[in-house]
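Residue numbers (my numbering): 404 to 793.
This is the structure we're talking about:
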């Protein structure tokens, strides 16, 4: 793989007259392999520049260590697309890598504001610190005594870094949190914001790391719509005391789609480039929401703790559950979201799975009628026996 990257590296360093350093080839090859795992799904227009971007990142990260000449990038795609791809890969690929040679790789420099990632003037190489300089920052002030005996290291790890858009580093794309807030404000359901975010974190970023589920990583927008719908609809069921019918399902889905359609025009993060902010976003339609709801139910993600906590948002006075209804729920043993059976992505809910008040009333009438008939049969048999005896 290193040989295939050599022409790319040479084009990035046209004034480099020597043979390419082995650490540079190794790092470029390693970054390319890691990118296929960390950023496996790219747009077709971005995929053609994957190897070029990885080679560019390798040059930027080693230009000080290897004393490389000025980098002169000429990407094979338009600057706007390449800038977005470069930023994405530079964020997802590890900033510090240990090569085979045992040398510690230096982190890449920040993207320059002007030009298209040009290195500008050549940066002078840094001198190698001696032993005393290297250990100085790990010694306490007491280490400056006559005996110059080093004390126990007081170096502490740096605090968690911040993303450009603010907030702690998260495996979720930058647009997810502000979009959830925007949806809750527009639909006047601010109280479900934390639950929706908890659902997205549980499914798309379990244990603080991006999930390896390819479907989730490729359908984050419909997944957000499905999680929001399931939380909102479950709250509706608990507060109204009745199941969701088809007309209400359509109204809720339409409102969610309308709000998501307005998100890109209303959501922004100060200091973050728009292209970088919306990485992973896709435009969706009704069938995408239906398919995502079916996927959540199929995987059983709504059985996790984040969904079970919805009942705590409902006030006791607002919940009206009849004894018969409670008995039915205990017998059935399924929550509302588990009854969402969808044949295809573009089909509506099947009413046969919904236990509505009308069906419960029909069942009560049928039960009373059957008991009445049984009583009549018992009475007729008793009368016949009395006649035979007489």
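Glycine included, each C-beta is placed from N, C-alpha and C at the ideal position.
Segment limits, alpha helix (DSSP H) that includes residue i
i           : result
residue 879 : Nothing in the structure corresponds to residue 879, since the chain is present only between 404 and 793.
residue 420 : Residue 420 -> no alpha helix (DSSP H), and no H or E assigned at all.
residue 464 : 453-465
residue 696 : 689-702
residue 444 : That residue, residue 444, is in no alpha helix (DSSP H); it is neither H nor E in DSSP.
residue 716 : It is not in any alpha helix (DSSP H) - residue 716 carries neither H nor E in the DSSP assignment.
residue 469 : From DSSP, residue 469 is part of no alpha helix (DSSP H); its letter is neither H nor E.
residue 601 : 596-607
CA nearest to the CA of residue i, picked from the options
i           : options            : result
residue 653 : 425, 693, 619, 492 : 693
residue 630 : 493, 613, 603, 668 : 603
residue 425 : 622, 412, 703, 612 : 412
residue 460 : 442, 594, 494, 448 : 494
residue 717 : 618, 635, 430, 691 : 635
residue 647 : 658, 633, 660      : 633
residue 484 : 465, 438, 446, 454 : 446
residue 440 : 480, 422, 588, 617 : 617
residue 621 : 685, 768, 773      : 685
residue 696 : 606, 672, 784, 779 : 606
residue 715 : 642, 458, 690      : 642
residue 691 : 673, 702, 703, 660 : 660
residue 615 : 592, 703, 591, 574 : 574
residue 657 : 689, 668, 673      : 689
residue 414 : 427, 455, 429      : 455
residue 638 : 611, 408, 592, 608 : 592
Sequence-distant residues of its chain with Cβ nearer than 8 Å to residue i (five each side left out)
i           : result
residue 663 : 582, 586, 624, 627, 628, 687
residue 589 : 662, 665
residue 754 : Unreliable placement is indicated for residue 754, whose pLDDT of 47 sits below 50; no coordinate value is reported for it.
residue 452 : 478, 479, 480, 484, 485, 488
residue 421 : none
residue 407 : 454
residue 444 : 617, 620, 621
Under the three-state DSSP convention, the category residue i falls into
i           : result
residue 673 : coil
residue 568 : Residue confidence is low: residue 568 scores 38 on pLDDT, short of 50, so the model does not pin down where it sits. No coordinate-derived value is stated.
residue 708 : helix
residue 578 : coil
residue 477 : coil
residue 683 : coil
residue 591 : coil
residue 668 : helix
residue 386 : As shown, the chain starts at 404 and ends at 793. That puts residue 386 outside it, with no answer to give.
residue 519 : With a pLDDT of 46 at residue 519, under the threshold of 50, the predicted position of this residue should be treated as unreliable, though the coordinate-derived value follows. Residue 519 falls in the coil class under three-state DSSP.
Sequence-distant residues of the same chain with beta carbon closer than 7 Å to residue i, five excluded per side
i           : result
residue 416 : 462, 471, 472, 474
residue 576 : 623, 682, 683
residue 442 : 491, 492, 495
residue 601 : 709
residue 584 : 596
residue 670 : 578, 581, 582, 585
residue 698 : 618
residue 598 : 634, 709, 712, 713
residue 457 : 431, 434, 435, 438, 492
residue 775 : none
Neighbourhood of residue i by C-beta distance below 6 Å, restricted to the same chain and skipping five residues each side
i           : result
residue 678 : 487
residue 449 : 488
residue 419 : 472
Near the ligand COA: residue i beta-carbon under 7 Å from a heavy atom
i           : result
residue 412 : Ligands displayed in this structure: none; no statement on the ligand COA is therefore possible.
Can you list, in chain order, the stretches of the alpha helix (DSSP H) that have 4 or more residues and sit fully within the stretch 610-661? 617-621, 623-643
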